[in-house]
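**Q**
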Amino acid sequence: EPSRRRQFLREHAAPFSAFLTDSFGRRHIYLRISLTEKCNLRCQYCMPEEGVPLTPKADLLTTEEILTLARLFVKEGVDKIRLTGGEPLIRPDVVNIVARTSSLIPLPVVSPAQLRQLEGLRTIGITTNGINLARLLPQLQKAGLSAINISLDTLVPAKFEFIVRRKGFHKVMEGIHKAIELGYSPVKVNCVVMRGLNEDELLDFVALTKGLPLDVRFIEYMPFDGNKWNFKKMVSYKEMLDTLRQRWPELEKLPEEESSTAKAFKIPGFQGQVSFITSMSEHFCGTCNRLRITADGNLKVCLFGNSEVSLRDHLRAGASEEELLSIIGAAVGRKKRQHAGMFNISQMKNRPMILIGG
Numbered sequence: 001e002p003s004r005r006r007q008f009l010r011e012h013a014a015p016f017s018a019f020l021t022d023s024f025g026r027r028h029i030y031l032r033i034s035l036t037e038k039c040n041l042r043c044q045y046c047m048p049e050e051g052v053p054l055t056p057k058a059d060l061l062t063t064e065e066i067l068t069l070a071r072l073f074v075k076e077g078v079d080k081i082r083l084t085g086g087e088p089l090i091r092p093d094v095v096n097i098v099a100r101t102s103s104l105i106p107l108p109v110v111s112p113a114q115l116r117q118l119e120g121l122r123t124i125g126i127t128t129n130g131i132n133l134a135r136l137l138p139q140l141q142k143a144g145l146s147a148i149n150i151s152l153d154t155l156v157p158a159k160f161e162f163i164v165r166r167k168g169f170h171k172v173m174e175g176i177h178k179a180i181e182l183g184y185s186p187v188k189v190n191c192v193v194m195r196g197l198n199e200d201e202l203l204d205f206v207a208l209t210k211g212l213p214l215d216v217r218f219i220e221y222m223p224f225d226g227n228k229w230n231f232k233k234m235v236s237y238k239e240m241l242d243t244l245r246q247r248w249p250e251l252e253k254l255p256e257e258e259s260s261t262a263k264a265f266k267i268p269g270f271q272g273q274v275s276f277i278t279s280m281s282e283h284f285c286g287t288c289n290r291l292r293i294t295a296d297g298n299l300k301v302c303l304f305g306n307s308e309v310s311l312r313d314h315l316r317a318g319a320s321e322e323e324l325l326s327i328i329g330a331a332v333g334r335k336k337r338q339h340a341g342m343f344n345i346s347q348m349k350n351r352p353m354i355l356i357g358g
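Mapping to full-length UniProt numbering: the sequence shown position 233 is 233, numbers consecutive.
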């Protein structure tokens, strides 16, 4: 019974929530919440050109439901929340809501300020395509946004339009510079590397870190529904590293942070750094500390797994905090030691990335 289990945990002062600890001892302190399935771009690796069928609005989490879940996870030990999408900055009232900073009054959209008030939360980040960032960032910063990841796969405007099937390159660059101007450091730039498309730009991206406080993160291309993934398109971390080392032999590895998904490197004298997200060639499942809530309220314990549990349905059925924790704990407890590997993932039925939330 959940309440008896809770009582037992309280009496035995568990150092970390048993509900957020899986059977391999991994503690999940990082929660990614998707605010919307909608996006103003159509990136080739994220969603099919024709778009995807969107969940009816009534089936998406409301602001109050998002906050209820965020509060619950933070109470159990989550100290980092990242807001994702779709594109989180197109959620309609976001400017107005974020500007109304610190209150927890029921509001139509989640703002970082509301989440910031949750005790124990240390970081509120957002992952964005950057199109609306320059316009919204001053308000987001006032609201308490502490970290920014911006997706950008090319520095060539025409190629940008080909990859994302929309215009907007200069807006993204403006967003990156606005983040730097407002003091965010590092500003993380996520670049999905695809053979035949942008692997020839690695050195140009790294060169940006010379005079700017950027963390350019090269991400191995991953298989999801709708992106026609194949092995040939994937450029491995080792290959990327070799390319960089030929140009900058002095490239040095930085110490790995606990539970980090990134292998970080720096060129001496450069202001920023370079990282690699090696999800495919060298997975980091053993130290995974993250959970995801999709915009329609499903808990995903693994980005590459297709098992999900609806927290929305239980919330709407009036589940108590103990009951919700029991459901969350059971899902976390079923988390596998590692994902199924590149080939198996490419064959597996899963949501397109746009519907997972990054």
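Where is the CB? At the ideal position from N, CA and C, for every residue including glycine.
1) Mapping the DSSP letters down to three states, classify Thr-63 as helix, strand or coil.
2) For Ala-99, does the three-state DSSP call read helix, strand or coil?
3) Looking at Ala-147 and Gly-168, is the spacing between their C-beta atoms short of 8 Å?
4) Check whether the segment 309-324 touches the segment 254-266, counting contact only when three or more Cβ pairs, one atom from each stretch, lie closer than 8 Å.
5) Hey, which unbroken runs of the alpha helix (DSSP H) at 4 residues or more fall wholly within the segment 184-253?
6) Specify, as a first and last residue, the run of the alpha helix (DSSP H) that Phe-276 falls within.
7) In the DSSP assignment, what are the bridge partners of Glu-181?
8) Measure the C-alpha to C-alpha separation of Leu-182 and Glu-323 and round it to an integer number of angstroms.
9) Does the pairing of the segment 278-286 with the segment 15-23 give three or more beta-carbon distances under 8 Å?
10) Nearest CA to the CA of Tyr-30: which residue from Val-332, Lys-336, Gln-338?
11) Consult DSSP for Met-29 and reduce its assignment to one of helix, strand or coil.
12) Alpha carbons only, please: which of Arg-247, Pro-249, Phe-265 is nearest the one belonging to Pro-255?
13) Buried or exposed for Gly-297, going by 16 or more other Cβ atoms inside 10 Å?
14) Identify the residues that DSSP records as bridge partners of Phe-162: which are they?
15) Quick check: the Cα distance between Leu-41 and Ile-131, rounded to an integer number of angstroms?
16) Tell me whether His-28 is buried or exposed, calling it buried when 16 or more other Cβ atoms sit within 10 Å of its Cβ.
17) On the DSSP letters alone, give me the boundaries of the beta strand (DSSP E) that Ile-126 sits inside.
18) Consult DSSP for Leu-54 and reduce its assignment to one of helix, strand or coil.
**A** Answer, in terms of the structure:
1) Within the sequence shown, residue 63 is the residue found at index 63, counting from 1. In the structure shown, Thr-63 sits in a helix (DSSP, three-state: H, G or I).
2) Walking along the sequence shown from the start, residue 99 turns up at place 99. Confidence at Ala-99 is low in this model, with a pLDDT of 36, below 50, so its placement is unreliable and the value that follows should be read with caution. Looking at Ala-99 - three-state DSSP - the assignment turns out to be helix.
3) On the sequence shown, position 168 is the one that residue 168 refers to. On the sequence shown, position 147 is the one that residue 147 refers to. Not closer than 8 Å, so no.
4) no
5) Listed in chain order, the alpha helix (DSSP H) elements of length 4 or more contained wholly in the segment 184-253 are 202-208, 237-247.
6) In the sequence shown, residue 276 corresponds to position 276, counting from 1. First-last for Phe-276: 273-277, but that is the beta strand (DSSP E), not the alpha helix (DSSP H).
7) Looking up residue 181 in the sequence shown gives position 181. According to DSSP, which records beta bridges pairwise, Glu-181 is partnered with nothing at all.
8) If you number the sequence shown from 1, residue 182 lands on position 182. If you number the sequence shown from 1, residue 323 lands on position 323. Cα to Cα, Leu-182 sits roughly 42 Å from Glu-323.
9) With a cut-off of 8 Å on Cβ pairs, the segment 278-286 is not in contact with the segment 15-23, counting fewer than three such pairs.
10) Start at 1 with the first residue of the sequence shown, and residue 30 comes out as number 30. The option with the nearest alpha carbon to Tyr-30 is Val-332.
11) Here residue 29 is taken as the residue at index 29 of the sequence shown, counted from 1. Residue 29 is actually Ile in this sequence, not Met. DSSP places Ile-29 in coil when its eight states are reduced to three.
12) Counted from its first residue, the sequence shown places residue 255 at position 255. With distances taken between Cα atoms, Pro-255 lies closest to Phe-265.
13) Taking the first residue of the sequence shown as 1, we reach residue 297 at position 297. Buried, since its Cβ has 16 or more Cβ neighbours within 10 Å.
14) Start at 1 with the first residue of the sequence shown, and residue 162 comes out as number 162. According to DSSP, which records beta bridges pairwise, Phe-162 is partnered with nothing at all.
15) For the purposes of this step, residue 41 is taken as the residue at position 41 of the sequence shown. For the purposes of this step, residue 131 is taken as the residue at position 131 of the sequence shown. Rounded to the nearest angstrom, the two C-alpha atoms are 9 Å apart.
16) Within the sequence shown, numbered from 1, the residue matching residue 28 stands at position 28. Buried, since its Cβ has 16 or more Cβ neighbours within 10 Å.
17) Start at 1 with the first residue of the sequence shown, and residue 126 comes out as number 126. Ile-126 -> beta strand (DSSP E) spans 123-128.
18) What you label residue 54 is simply residue 54 of the sequence shown in a count that begins at 1. Leu-54 falls in the coil class under three-state DSSP.
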